[in-house]
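Start counting the sequence shown at 21; every next residue gets the next number (the working numbering).
As structure tokens, the structure follows; a few thoughts come after it.
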Amino acid sequence: MNIAAKISRPSKTASAAYFRSALKLPRPTSEFVAAENAYRKESDARRSLSGRLEALKIEANIDNPSRAKIPTPGTDSFKDQTGGGRYFEKIGVTSAQPAVTTADPNSRTCADFNGITSQLIGASISNFVGLSSGFVICSGYIDAIDTNNTGAGNAANNDFLWSDDAGYLQMALLSGGPIVQGSNFVSYPWQVASTAISTGVPVVTTWRHEGGSLYSPSMAASRRP
């Protein structure tokens, strides 16, 4: 006597409802389903965030293995090299930000660093660069120059791009040329280095003291900012 039996197997895509029916389990409530869906959504979000964080860690270690860190919102501090703990803030507090002024020759809005603490006006330049060597870069738009006091000893008697509090180290402007004149004084004679510039265009100047010598190159653009 032959007995034929048909065995039904669930497919790989069988739904949860199929198994509940087979096991005679009660149908879940709507509250349970909602809670389960919320949990799954939160778990997916956590896995996605964790993946992005790991990617940042990998990128940071590739770019700078010795100083890898994960960027965080808020303030990133860049320390100077004096050991005095001074820094420039990505998101500065109001007291450390330059004021906006229109007091330049053509009333053009510009940044005024006068009287701002922890900046290069009203403080010794040695707070920010070393005494034996240093580098300063300064960009600006020079409308007009109305001083031309030549001679190394007259460096402090000209218009400034920037200067220390005593006038012994600065980047001055002279109308003859016109030129930008970097100077540095430790003992006589003054160290002076000049280079030609143009007014009415954006200018980038650098002041560099290295190996006992002073260098002062500049670069000008042909268009207004």
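Quick reminder that beta carbons are idealized off the backbone N, C-alpha and C, glycines included.
By the Cβ neighbour-count rule, N178 is buried, with 16 or more other Cβ atoms within 10 Å of its own. DSSP, read as helix, strand or coil, puts F52 in helix.
Closest by C-alpha distance to N169, out of P209, V53, L194 and V221, is L194. In this structure, DSSP gives D64 a helical state, which the three-state scheme calls helix. One thing to note: V212 has its Cβ within 8 Å of the Cβ of A172. Per DSSP, the beta-bridge partners of G202 are M191 and A213.
The alpha carbon of F155 has as its nearest neighbour, out of F205, T226 and A164, the alpha carbon of T226. Taking A175 as the centre and dropping the five residues before and after it, the same chain places the C-beta of Q190, A192, Q201, S203, W210 and V212 closer than 7 Å to its C-beta, in chain order. For G160, the beta-bridge partners assigned by DSSP are V223. In the three-state scheme derived from DSSP, where H, G and I count as helix and E and B as strand, Y208 is classed as coil. The three-state reading of DSSP puts G154 in strand, counting E and B together. By the Cβ-count criterion, V53 is exposed, with fewer than 16 other Cβ atoms from all chains shown falling within 10 Å of its own Cβ. In this structure, S159 sits near P222, with a CB-CB distance shorter than 8 Å. Beta-bridge partners of Y235 (DSSP): R228. Less than 8 Å separates the beta-carbon of A164 from that of T219. For the options G196, G197, S233 and S207, the alpha carbon positioned closest to that of Y188 is the one of S207.
Excluding sequence positions up to five before and after I199, its CB lies within less than 7 Å of the CB of S214, T215, A216 and I217, all in the same chain and listed in chain order. Counting along the chain, S218 sits inside no beta strand (DSSP E), nor does DSSP assign it H or E at all.
The secondary-structure analysis by DSSP pairs D179 across a beta bridge with L193. Annotation for G197: A216 place their beta carbon closer than 7 Å to its own, counting only its chain and skipping 5 residues before and after.
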